[in-house]
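Worksheet for the structure shown next.
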Amino acid sequence: MHAQNTIIFIGMAFGLFLLGYYIRKLILRALDRSYEAGLKERNGLHSQRIAALNSDLITSTQLRNREAQQLAELRAQLQSIKATPFTSTDYRDLTEITQFLALALQTWKALKGTEASQARAEQLIKVSRAMAYRVFHVVETASNLNAQPLDTQLIEWLDKRGTFNAEPELSSISFPHEADTEGYPHLRDALREALELDLNRQAVEMGLWPAGDAA
């Protein structure tokens, strides 16, 4: 009886040992699987982040190349086109404004109690003349750089200073010009002379050139 109890006790102890061994093995296996799964998930997240960073880097590179190309195109356009914020029309408008201010000044001089308005008008005339002088040189410089055709300048001047008379059979264009009675080899010569004389006259009226130099 005592021997049987000993055998049973030893068997139970061995069974408990095996049970603990297998339980420990199962736990370690489960931990290994969990670690591998976590490691795999972490590696997957890292791979996704690296792929996203690579995609962002490629996109940034493409945008930078595109911006560099656009910048190069803009620089090429700036080198080929000598643009100016002013036109000859702006110069003529400033000339007319100065003439109007001069007329207003003469009117105020004939009236009493307008000293403040006279002083203000004289100041504005100086400002408008200075602005017209700067605009004139900007426009002239831009015209020389762009090498605007003479015909285009003549057409723009005619549109501003000339008069078009439309008739059913015969239309005519008139423009201010102190013409030479001996005539001109070509109509363009007469138009060019009229344009130069008109520009000189406006410059003299603005006080940009002395009358002797304009002549």
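Per this note's numbering, the sequence shown starts with residue 15, numbered consecutively.
Note that CB positions come from ideal geometry on N, CA and C, so glycine has one too.
Pick from the options that is closest to residue i, judged by C-alpha positions
i           : options            : result
residue 110 : 39, 80, 174        : 174
residue 116 : 46, 126, 134, 88   : 134
residue 170 : 181, 206, 125, 180 : 206
residue 166 : 144, 202, 152, 42  : 202
residue 216 : 76, 61, 103        : 103
residue 139 : 130, 79, 114       : 114
Residue i (DSSP reduced to helix, strand or coil)
i           : result
residue 227 : Per-residue confidence for residue 227 stands at a pLDDT of 43, beneath the threshold of 50, marking its modelled position as unreliable; the derived number appears in the next sentence. Residue state, collapsed to three classes: helix.
residue 61  : helix
residue 74  : helix
residue 185 : coil
residue 6   : This structure does not reach residue 6, given that the chain is present from 15 up to 229, and the question cannot be answered.
residue 151 : helix
residue 95  : Reliability of the predicted coordinates at residue 95 is poor, the pLDDT of 48 falling under 50, and the value obtained from them is presented with this limitation in mind. Residue state, collapsed to three classes: coil.
residue 146 : helix
residue 25  : helix
residue 124 : coil
residue 193 : coil
residue 105 : helix
residue 35  : helix
residue 49  : helix
Supposed contact pair residue j and residue i - C-beta distance, whole angstroms, cut 8 Å
i           : j           : result
residue 146 : residue 112 : 6 Å
residue 105 : residue 150 : 5 Å
residue 132 : residue 119 : 6 Å
residue 188 : residue 177 : 5 Å
residue 190 : residue 208 : 7 Å
residue 108 : residue 142 : 6 Å
residue 183 : residue 211 : So it is not a contact: roughly 31 Å between Cβ atoms.
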